[in-house]
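Worksheet for the structure shown next.
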Amino acid sequence: MIDLHCHSTVSDGTLSPAEVVRLAHENGCTLLALTDHDHTGGLAEARAEADTIGLRFINGVEISVTWHGRTIHVVGLDFDPENETLQTLLAKVRQGRLKRLEAIAAKLEKKGIAGAFEGALALAANPEMVGRTHLAEFLIQNNHVRNKQQAFAKYLGDGKSCAVPHQWAELADCVNAVNGADGLAVIAHPMRYDLSATAKRRLFEEFKALGGAGIEVHSGNCDKNDRLNYALLAERYGLLAGAGSDFHRLNDFSGGTLGACPELPPNCKPVWEHFRRH
Ligand code: AMP
Ligand code: MN
Ligand code: MN
Ligand code: MN
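Under the working numbering, the first residue of the sequence shown carries the number 8, and numbering increases by one thereafter.
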């Protein structure tokens, strides 16, 4: 039972790192990575809890990348969290979230939605990491939208009415930083990007050429067809297969069950067979 992608209160999840580990363990997980957005601050607490209950724990982080003007997420796994180049990159990627929140809140205000800046900040355990998930939660709590999907479809999604483009890390810098910290870089939830088949092939080719290790063949609540499709693409581009729930909170239908990913197609080369540090 494996899960190599999930979030805690260190970024935009609702459970603390220790709570994430305990719930994954209760759900039968035997190999877990915590992958908060652009932040490794939860890893020590998660590892301590995992050691206590006897769960194998892998260092993780989900890095925000801008690739040809699009946001792509890359999961770093099994790296040295003390690595300076990696931490410098993460610190730089974290910058500007408050400014971006201000700009999004100003756009929402023009649509007649007041208080989004303070509202979203109040929902972020870590103000430095305030983001669109917190804004979505604010919109839901104040009855502006029914659910997270609607918040992104109407206001927050890339290109939607209140979206504010943001410059994240370069793909090359991200892969180099993860590799330099002795880790493995994996493209997160490739089935979720709104890219043409050609653009996706270009992304995989470029990622592989830069030293990327794999792609997630399973993510969240994706179906068997997605797993078969991305297993074939991984095979074609010589990439390993990752898998993760992308768990953020309980009772979220877009995330999978924390700690328990379905079995991958047989042609996959699992990324976890290449972990060296833990
Ligand atoms: P941010 O890093 O602030 O841009 O927020 C990105 C986060 O918003 C992602 O990690 C997801 O948790 C969430 N998210 C992005 N797009 C969607 C979507 N279409 N539906 C639901 N959640 C989304
Ligand atoms: Mn998130
Ligand atoms: Mn993501
Ligand atoms: Mn994620």
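Idealized CB from N, CA, C, for every residue including glycine.
Here the structure is a predicted model, which is why all the values come from computation and not from measurement.
Taking a contact to mean a Cβ-Cβ separation below 8 Å, would you say residue i touches residue j in this structure?
i	j	result
Val193	Arg107	no
Leu271	Arg234	yes
Val28	Glu56	yes
Arg104	Val137	yes
Asp10	Cys36	yes
Gly83	Val185	yes
Asp189	Asp259	no
Since residue i and residue j are thought to touch, with beta carbons under 8 Å apart, how far apart are those beta carbons, to the nearest angstrom?
i	j	result
Gly221	Asn34	The Cβ separation is near 23 Å, so there is no contact.
Leu97	Thr47	7 Å
Gly187	Asn90	6 Å
Phe282	Asp45	So it is not a contact: roughly 22 Å between Cβ atoms.
Gly249	Val278	5 Å
Trp175	Ser71	4 Å
Leu178	Phe214	7 Å
Phe64	Leu30	Contact flag wrong, Cβ pair sits at about 14 Å.
Tell me whether residue i is buried or exposed, calling it buried when 16 or more other Cβ atoms sit within 10 Å of its Cβ.
i	result
His12	buried
Pro24	buried
Ile60	exposed
Ser168	exposed
Ala160	exposed
Ser226	buried
His80	buried
Thr140	buried
Lys155	buried
Ala129	exposed
Glu280	exposed
Alpha helix (DSSP H) containing residue i: first to last residue?
i	result
Ala98	Glu91 to Arg101
Gly35	It is not in any alpha helix (DSSP H) - Gly35 carries neither H nor E in the DSSP assignment.
Ile60	Leu50 to Ile60
Gly187	Leu178 to Gly187
Ala112	Arg104 to Lys117
Gly221	Note, Gly221: premise wrong, no alpha helix (DSSP H); beta strand (DSSP E) at Gly221 to Ser226.
Ala123	Ala123 to Leu130
Leu247	Taken as a continuous stretch (DSSP letters only), Leu247 belongs to no alpha helix (DSSP H), being part of the beta strand (DSSP E) at Leu247 to Gly251.
Glu213	Ala204 to Leu217
What first and last residue would you give for the beta strand (DSSP E) that runs through residue i?
i	result
Asn66	Arg63 to Trp74
Val82	Arg77 to Leu84
Ile194	Leu191 to Ile194
Check whether the segment 190-208 touches the segment 247-257, counting contact only when three or more Cβ pairs, one atom from each stretch, lie closer than 8 Å.
Yes, the segment 190-208 touches the segment 247-257.
Three-pair Cβ contact test at 8 Å for the segment 213-220 versus the segment 104-122
Too few Cβ pairs lie closer than 8 Å, so no.
Is the segment 48-68 touching the segment 15-29 in the sense that three or more CB pairs, one from each, lie closer than 8 Å?
Of all C-beta pairs linking the segment 15-29 to the segment 48-68, three or more are shorter than 8 Å, placing the two stretches in contact.
Touch test, the segment 143-150 against the segment 75-91, Cβ-Cβ under 8 Å, three pairs minimum
Two segments are said to touch when three or more pairs of C-beta atoms, one from each, lie closer than 8 Å; by this definition the segment 143-150 does not touch the segment 75-91.
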